[in-house]
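Peer 1:
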């Protein structure tokens, strides 16, 4: 799977699970639901080897913002149960899609 395909899959998962559109991921809105969606998107993309700059371009954020989100994500989910739940739901969705995908 290419980086673009994986990013599209994460976009789809965030839309289907969290009901956050691609436009809202890119928007400057700082509502917790959108911020959490951006954090999850950034983290999942980064752990799959996608560069910070590519992630940032996709969600209209700078390199440093994305790197900070990714670096603090693991600590954040230890204390933020809502973020942890959202992350688990999105990750599970992606894993299920990858299992059912024909290779």
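Numbering (our numbering), first residue to last: 97 to 199. Virtual Cβ for every residue (Gly too), placed ideally from N, Cα, C. Fair warning: this is a prediction, and the values are worked out from it, not measured in the lab.
#1: Could you check the C-alpha separation between residue 187 and residue 161 for me, to the nearest Å?
#2: Straight-line CA distance for residue 172 to residue 179?
#3: Just how far apart, CA to CA, sit residue 144 and residue 163?
#4: In angstroms, rounded to a whole number, what distance separates the CA positions of residue 116 and residue 136?
#5: Rounded to whole angstroms, what is the Cα-Cα separation between residue 119 and residue 140?
Peer 2: The answer reads as follows:
#1: If you number the chain shown from 1, residue 187 lands on position 91. If you number the chain shown from 1, residue 161 lands on position 65. So the alpha carbons of these two residues sit roughly 22 Å apart.
#2: Counting from 1 along the chain shown, the entry for residue 172 is found at position 76. Counting from 1 along the chain shown, the entry for residue 179 is found at position 83. Taking the straight line joining both Cα atoms gives about 8 Å.
#3: Here residue 144 refers to the residue found at position 48 when the chain shown is read from its first residue. Here residue 163 refers to the residue found at position 67 when the chain shown is read from its first residue. Cα to Cα, the separation comes out at about 14 Å.
#4: Translated into the one-based positions of the chain shown, residue 116 becomes position 20. Translated into the one-based positions of the chain shown, residue 136 becomes position 40. Residue 116 and residue 136: Cα-Cα distance of roughly 12 Å.
#5: Working through the chain shown from its first residue, we reach residue 119 at position 23. Working through the chain shown from its first residue, we reach residue 140 at position 44. Cα to Cα, the separation comes out at about 18 Å.
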